[in-house]
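A.B. asks:
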Amino acid sequence: MSALLEVDQLEVNFGGRVSAVRGASVTVERGETHCLVGESGCGKSVTALAVMNLLARGARRSAKRLAFEGQDLTGLSDSGMAHLRGNAMAMIFQEPMTSLNPAYTVGSQMTEVLRRHKKTTQRAATDRAADLLARVGITAPGLRLGQFPHQLSGGLRQRVMIAMALMCDPKLLIADEPTTALDVTVQAQILRLLAGLQRDLGLGMLLITHDLGIVARVAHRVSVMYAGEVVESAPTAELFANPKHPYTRGLLRCVPVPGKIKRDEPLGSIPGTVPRIGPGFEGCAFRDRCDFADVTCAHAIPRHAASVAHDFLCRLPA
Amino acid sequence: MNTAIEVKAVRRTFRVKGGLFGADRHVVAVDDISFAVPPGGVLGVVGESGCGKSTLARLILGLLPPTAGDIAVEGQRVIDMDRRARARLIQPVFQDPFASLNPLARVRDIVAMPLKAQGNIAGSEIAKRVDEMLARVGLSAEMGRRLPTELSGGQRQRVAIARALVLRPRIVVCDEPTSALDVSVQAQILNLLAELRRDLGLTYLFISHNLAVVEHVASEVAVMYLGRFVERAPTETLFRRPEHPYTKALLASVLTPEPGLGVPDVGLGDTLPDPANIPPGCRFHPRCPIAEPRCSIETPPLKPRPAGGVECLLV
Ligand SMILES: Nc1ncnc2c1ncn2[C@@H]1O[C@H](COP(=O)(O)OP(=O)(O)OP(=O)(O)O)[C@@H](O)[C@H]1O
Ligand SMILES: Nc1ncnc2c1ncn2[C@@H]1O[C@H](COP(=O)(O)OP(=O)(O)OP(=O)(O)O)[C@@H](O)[C@H]1O
Ligand code: SF4
Ligand code: SF4
Ligand SMILES: [Mg+2]
Ligand SMILES: [Mg+2]
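So the sequences go chain by chain: P and L. Numbering-wise, the first sequence is residues 76 to 393 according to the numbering used here. Numbering-wise, the second sequence is residues 44 to 358 according to the numbering used here.
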C-alpha cells in the first residue's frame with residue numbers, strides 16, 4: 076500500500092525571484108507523526124501550503140511526485156482538490172487569523188466545514204462542533220460557538236482551528252505550529268488528543284514546529300529543512316542522539332532547557348543569516364555559517380546515508 | 044519615581060452575548076490585580092491560555108480602559124496620556140503578527156510608521172533609523188521592500204519587533220514575541236532585547252508560554268490563572284521552589300527535548316475553567332490535584348513572600 080502522503084522533489088518559486096522550496100521530499104505514513112523543523116523562513120509553511128494547493132498567487136509548484144493515498148495531486152482539478160481539503164486532508168494554519176473569517180461566528184464557520192463535505196443536519200453539525208471544542212479543552216462551548224474570532228484569546232482561536240480541522244475526521248492532518256499560543260498544560264492536552272486520534276483512527280500527521288521538546292516527545296520521524304531543502308531526515312531518537320548535518324547539530328545546541336539556563340548570558344544561536352536563494356543557486360546554502368565549510372561546499376552536495384532510515388545532505392562523511 | 048509600570052487593583056470584564064437561553068454573561072479577564080515593575084525590570088507573565096494575559100497587556104498599553112482600578116507608566120495615568128507621547132514611552136509587540144501588520148504596506152513603511160506618526164522627524168533620519176532597526180532584527184534590505192504576505196511567520200514577527208523598537212520606547216510590552224521563531228532566531232531576538240535593556244535601561248512586561256524563555260529574560264515571574272496572579276516571585280525562586288500547585292503543574296508540563304519520554308499528564312483533568320463562571324473559593328480548586336473540601340469555600344488570601352506572594356490555602 077502506498078504511503079498516506081508522498082512528496083518527492085517538491086519545488087516552489089515565487090515570481091522567479093525566490094526559490095522557497097528546492098527539491099524537498101517528505102513521506103507521511105498512516106498513524107505516523109512526521110515533524111518538520113528548521114530555520115524561520117526555510118520553507119516549511121510553503122511546503123505545507125503546496126501540498127494543500129493553497130499557495131499565494133504568483134507561486135509555481137512542481138514535484139516529481141505529490142500524492143495522497145496513492146492519488147496524484149498535481150493533476151487533480153480544483154474541485155477535486157477542494158473535495159479533499161478540509162475533509163480527508165485538513166490543515167491547521169500557522170496564524171489563526173488568516174483562516175478564521177472575522178465576520179462569522181466560530182459556530183457557523185465550524186459547521187460550514189462539515190456541511191460542505193458531509194450530509195448532515197445543522198443540529199448534528201452544531202453538536203459535533205461543540206463536542207470537538209470540549210475535546211480541545213474549551214469550556215462553555217455553547218458560549219464560544221456564538222462568539223466572533225476577535226473575542227477569543229490567542230489560545231482559544233488556535234484551539235478553534237484545531238477543532239475545525241478535525242470536524243471531518245481527516246486521514247491526514249498538516250499542523251503548522253498548532254500549539255504556539257497554548258500554555259504548556261493545554262499543549263500537553265492537545266498533543267494527547269492528537270495521539271489518541273492516531274491510535275484510534277490511524278491519523279497521519281505532518282507537524283511543523285519550532286519546539287524541539289514537542290518533536291522529541293511526539294514525532295516518529297523528523298526532517299530538518301534549511302533554505303528550502305531537507306538537509307537531514309531520521310527517526311526521532313536517532314536524530315537527537317546522532318545528528319549529522321552541521322545545521323541540525325547547531326539547532327539542537329540552541330534549545331533552551333528550563334532549569335539549565337544562565338541568566339545574563341546570551342542564549343546560544345547560530346551566527347549569520349540565510350543567504351538569498353534565487354533560481355540557479357548552487358552548493359550548500361549553509362556554507363556561510365558552517366564551521367566545516369571548504370571549497371567543495373560551493374558545488375553539488377551529495378546526500379549521505381547514516382543508516383537505512385537516516386540521510387543528510389552534506390559533504391562530510393556519515 | 045521608582046516604578047516603570049504600576050498596576051493598582053485593576054479589573055477588566057467583557058460582556059458576552061448570551062446564547063439561545065438569553066442572559067448576557069460577564070467574562071472576567073483581569074480580576075483585581077496589583078503589581079509594580081521597577082525601571083529596568085523584566086516581569087515575565089505565564090499562565091493558562093485565556094487567563095487574561097493579553098488583556099492585561101492591552102490595559103497597560105492604554106489600548107483598553109480598565110473596568111476598575113488604575114494603571115500608571117512612569118508615574119502617569121496611561122489612559123490620560125497623549126497618544127504620541129505614549130507611543131514614545133511604551134510600545135507593544137503582539138502575538139499573531141499577521142493580524143497586527145497592515146497587509147498592503149511594505150515592510151519598510153510598516154517599521155517607519157511610528158516614526159512618521161510623531162510628525163517631527165526628518166525623512167532622512169527616519170530612513171536611517173529604519174535601516175538600522177531592520178538590520179538589528181536580522182531582516183535584509185530586500186525584505187524591507189516586501190509585503191507582509193511575502194514573508195514567513197518568523198520574518199513577520201521580526202517586523203513587529205522592529206516596529207515596536209524603532210521609536211526607542213522605555214517600556215516594551217511583549218506578548219508572545221518569539222513564539223513564531225526557531226530557537227536560533229529566537230535566541231538572537233532575546234539577546235537583542237537583553238542588550239537593549241542593558242544599554243538603554245528598558246523595562247519589559249514579557250508574556251510567554253515558553254518557560255525556558257521566561258526563565259532567561261525575566262527578573263521576576265507572575266503566574267496567572269483565571270484573571271489573577273496566583274503566584275509571584277523572583278525568577279530563580281519560582282523555578283527552583285514553586286509553591287502554588289498550578290505553578291508546579293506548569294513546570295511539570297514542560298516538554299524537554301528528550302525523546303521517548305512522551306507527553307506528561309500532570310493530573311489537571313481535561314475540563315478547563317470558564318472565565319464567565321469563576322469557581323467559588325479557590326478558583327483553581329476544580330482542577331487542583333491536592334484540593335481539600337475547604338478550597339471550594341474559602342478564598343485563599345495573598346500570602347506574602349520576599350518580593351512576591353502566593354494565593355493558596357495549603358502553602
Ligand atoms: N507570497 C510570497 N512571495 C514571496 N516570497 C514568499 C511568499 N511566501 C513565502 N515567501 C518566502 O518563502 C520562504 C519560505 O517561507 P515559509 O513561510 O515557508 O517559511 P517557514 O519555514 O514556514 O518559516 P517560519 O518558521 O518563520 O514560519 C521565506 O523566505 C518567505 O519569505
Ligand atoms: N473583546 C472581547 N470580547 C469578549 N471577550 C473577550 C474579549 N477580549 C478577550 N476576551 C476574553 O477574555 C479572556 C482573556 O483573554 P486574553 O486574550 O486576555 O487571554 P490570554 O491570557 O492572552 O490567552 P492566550 O494565552 O490564549 O493568548 C478570554 O476568555 C477571552 O475570550
Ligand atoms: S556541505 Fe559543507 S558547508 Fe554545507 S553543511 Fe556540509 S560541511 Fe557545512
Ligand atoms: S487553595 Fe486549595 S485548591 Fe487552591 S491551589 Fe491551594 S490547595 Fe489547590
Ligand atoms: Mg511558517
Ligand atoms: Mg494572549
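In this text, a Cβ means the ideal position worked out from N, Cα and C, and glycines have one as well. In this text the structure is predicted, and so the values were computed from the model without any measurement.
Would valine 216/L and leucine 104/L qualify as a contact pair, given that the criterion is a beta-carbon distance under 8 Å?
C.D. replies: Yes. Within cutoff.
A.B. asks: Mind checking which residues open and close the alpha helix (DSSP H) that includes serine 97/L?
C.D. replies: Taken as a continuous stretch (DSSP letters only), the alpha helix (DSSP H) holding serine 97/L covers 96–103.
A.B. asks: Using a C-beta to C-beta distance shorter than 7 Å, which residues of chain P count as neighbours of serine 195/L?
C.D. replies: Near serine 195/L (Cβ distances below 7 Å), the residues of chain P are Ser115, Gly116 and Ser120.
A.B. asks: Helix, strand or coil: which one does DSSP assign to methionine 186/L?
C.D. replies: Methionine 186/L falls in the helix class under three-state DSSP.
A.B. asks: Quick one: residues with CB closer than 5 Å to any heavy atom of ligand 1, in chain order, please.
C.D. replies: The set, ordered by position in the chain, is Phe89/P, Val93/P, Ala95/P, Ser115/P, Gly116/P, Cys117/P, Gly118/P, Lys119/P, Ser120/P, Val121/P, Ala131/P, Glu193/L, Leu194/L, Ser195/L, Gly196/L and Gly197/L.
A.B. asks: Could you give the first and the last residue of the continuous alpha helix (DSSP H) run that contains proline 307/L?
C.D. replies: Segment: none, proline 307/L is in no alpha helix (DSSP H) and carries neither H nor E.
A.B. asks: Given 8 Å as the limit, is there contact between the region 73–93 of chain L and the region 241–260 of chain L, that is, 3 or more CB pairs closer than that?
C.D. replies: The region 73–93 of chain L vs the region 241–260 of chain L: in contact.
A.B. asks: Relative to chain L, which residues along the region 202–218 of chain P have a C-beta separation below 9 Å, given in chain order?
C.D. replies: Cβ contacts with chain L: Ala209, Arg210, Gly212, Ile213, Thr214, Ala215, Gly217 and Leu218.
A.B. asks: Going by alpha carbons, who is nearest to alanine 382/L out of Arg149/L, Tyr268/L, Val297/L and Val85/L?
C.D. replies: For residue 382/L there is no data in the structure shown, the boundaries of chain L being 44 and 358.
A.B. asks: Taking the straight line between their C-alpha atoms, what separation do you get for glycine 347/P and valine 330/P?
C.D. replies: Answer to the nearest angstrom: the Cα atoms are 17 Å apart.
A.B. asks: Is it the case that the region 162–178 of chain L contacts the region 227–245 of chain P, given that we only count it when at least three CB pairs across the two stretches are under 8 Å?
C.D. replies: Result no; under three Cβ-Cβ pairs closer than 8 Å.
A.B. asks: Which one or two residues does DSSP pair with lysine 51/L in a beta bridge?
C.D. replies: DSSP, once it has assigned bridges, lists Asp113/L as partnering lysine 51/L.
A.B. asks: Would you identify the three-state DSSP class for aspartate 218/L, choosing helix, strand or coil?
C.D. replies: In this structure, aspartate 218/L counts as strand in the three-state DSSP scheme.
A.B. asks: My output table needs one value for phenylalanine 315/P: the three-state DSSP class, helix, strand or coil.
C.D. replies: Residue state, collapsed to three classes: helix.
A.B. asks: Using beta-carbon positions only, say whether isoleucine 336/P and alanine 350/L come within less than 8 Å of one another.
C.D. replies: Against a cut-off of 8 Å, the Cβ pair of alanine 350/L and isoleucine 336/P comes out as no contact.
A.B. asks: Taking the alpha-carbon of glycine 74/L as reference, which of Ala66/L, Arg55/L, Glu91/L and Ala184/L has the nearest alpha-carbon?
C.D. replies: Just to set this straight, residue 74/L is aspartate in the shown sequence, not glycine. Among Ala66/L, Arg55/L, Glu91/L and Ala184/L, the Cα nearest to that of aspartate 74/L is on Arg55/L.
A.B. asks: Lysine 60/L by DSSP, collapsed to three states: which one?
C.D. replies: Residue state, collapsed to three classes: coil.
A.B. asks: Go to glutamate 81/P, then tell me how far its beta strand (DSSP E) extends in each direction, as first and last residue.
C.D. replies: Per DSSP, glutamate 81/P belongs to the beta strand (DSSP E) from 80–89.
A.B. asks: How many angstroms separate the CA atom of valine 136/L from the CA atom of glycine 182/P?
C.D. replies: Roughly 30 Å separates the two Cα atoms.
A.B. asks: Got a sec? Which residues, its chain only, sit under 7 Å from glycine 217/P by beta carbon, not counting five neighbours each side?
C.D. replies: Excluding positions up to five away in sequence, the list reads Ala205.
A.B. asks: Isoleucine 333/L: which of Val358/L, Thr280/L, Arg348/L and Glu274/L sits nearest, CA to CA?
C.D. replies: Residue Val358/L is the option with its Cα nearest to isoleucine 333/L.
A.B. asks: Between the region 105–115 of chain L and the region 268–287 of chain P, can you find at least three pairs of beta-carbon atoms closer than 8 Å?
C.D. replies: Because the criterion of three Cβ pairs below 8 Å is not met, the region 268–287 of chain P and the region 105–115 of chain L do not touch.
A.B. asks: How about histidine 287/L: is its C-beta nearer than 8 Å to some C-beta of chain P?
C.D. replies: It does not: the Cβ of histidine 287/L has no partner Cβ on chain P nearer than 8 Å.
A.B. asks: Within 7 Å: the Cβ of proline 321/P and any heavy atom of ligand 3?
C.D. replies: For ligand 3, at least one heavy atom lies less than 7 Å from the Cβ of proline 321/P.
A.B. asks: Spatial neighbours of aspartate 67/L within its chain, please: CB distance less than 7 Å, with the 5 preceding and 5 following residues excluded, ordered by chain position.
C.D. replies: Excluding sequence neighbours, aspartate 67/L sits near Arg58, Val59, Lys60 and Gly61.
A.B. asks: For a contact defined as C-beta to C-beta under 9 Å, what are the partners of serine 339/L on chain P?
C.D. replies: Correct list: empty, because the minimum Cβ distance to chain P is about 17 Å.
A.B. asks: Please list the partners that glycine 187/L has in chain P, where partner means a Cβ-to-Cβ separation under 7 Å.
C.D. replies: In chain order: nothing, as chain P lies at least about 13 Å away.
A.B. asks: To test your reading of the DSSP string, which unbroken alpha helix (DSSP H) runs of 4 or more residues are found completely within the region 283–366 of chain P?
C.D. replies: Within the region 283–366 of chain P, the complete alpha helix (DSSP H) runs of at least 4 residues are 287–293, 311–316 and 321–329.
A.B. asks: Looking at isoleucine 376/P and ligand 3, is the gap between the Cβ and the nearest heavy atom below 7 Å?
C.D. replies: Checking every heavy atom of ligand 3 against the Cβ of isoleucine 376/P, one is found closer than 7 Å.
A.B. asks: Could you work out which residues of chain P lie near valine 228/L, taking near to mean beta carbons separated by less than 8 Å?
C.D. replies: Those are Glu114, Ser115 and Ser344, listed as they occur along chain P.
A.B. asks: Which complete alpha helix (DSSP H) runs does the region 146–176 of chain P hold, if anything under 4 residues is left out?
C.D. replies: Segments of the alpha helix (DSSP H) lying fully in the region 146–176 of chain P: 153–159 and 171–174.
A.B. asks: So what does DSSP say about valine 121/L, is it helix, strand or coil?
C.D. replies: Correct three-state label for valine 121/L: helix.
A.B. asks: Check whether the region 268–277 of chain L and the region 231–250 of chain P are in contact - that is, three or more C-beta pairs closer than 8 Å.
C.D. replies: Cβ pair count under 8 Å is below three, so no.
A.B. asks: At 4 residues or longer, what runs of the alpha helix (DSSP H) sit wholly inside the region 151–201 of chain L?
C.D. replies: Counting only runs of 4 or more, we get 166–179 and 184–187.
A.B. asks: Check each residue's C-beta against every heavy atom of ligand 2 and list, in chain order, those closer than 6 Å.
C.D. replies: The set, ordered by position in the chain, is Gln226/P, Leu227/P, Ser228/P, Gly229/P, Gly230/P, Leu231/P, Ala256/P, Phe57/L, Val59/L, Val70/L, Ala72/L, Ser92/L, Gly93/L, Cys94/L, Gly95/L, Lys96/L, Ser97/L, Thr98/L and Pro318/L.
A.B. asks: Use the C-beta contact count for glutamine 197/P: other C-beta atoms within 10 angstroms, 16 or more gives buried, fewer gives exposed.
C.D. replies: It is exposed - the Cβ of glutamine 197/P has fewer than 16 other Cβ atoms within 10 Å.
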